[in-house]
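K.L.:
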């Protein structure tokens, strides 16, 4: 199992958390910690998710798979290996 951290920033919008959680679950990942913050003054959304790839999906595949969600929400997203 590999431990990763996903960081996200984008304009606040409905459905971001659901889209990311659904994507990670579909990749066989388990979220172990999640923090999020909506800056009401700027309209920006920030999120940090710590998760484990229980089925061995690699970082490159996770980044590529997340791309459509990142494009949909115009987000800056990075996945780091935290193992």
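Numbering (this note's numbering), first residue to last: 28 to 110.
Note that the Cβ used here is the ideal one computed from N, Cα and C, for glycine as well.
Answer with buried or exposed for residue 78, where buried requires no fewer than 16 other C-beta atoms within 10 angstroms of its C-beta.
P.N.:
buried
K.L.:
State the DSSP-derived secondary structure class of residue 63, mapped to helix, strand or coil.
P.N.:
strand
K.L.:
Which first and last residues belong to the beta strand (DSSP E) in which residue 100 is found?
P.N.:
Note, residue 100: premise wrong, no beta strand (DSSP E); not H, not E.
K.L.:
Rounded to a whole number of angstroms, what is the C-alpha to C-alpha distance between residue 31 and residue 107?
P.N.:
Spanning the two alpha carbons is a distance of roughly 5 Å.
K.L.:
For residue 68, which three-state DSSP category applies?
P.N.:
coil
K.L.:
Please say whether residue 34 and residue 98 have beta carbons closer to each other than 9 Å?
P.N.:
Not in contact: residue 98 and residue 34 (Cβ atoms no closer than 9 Å).
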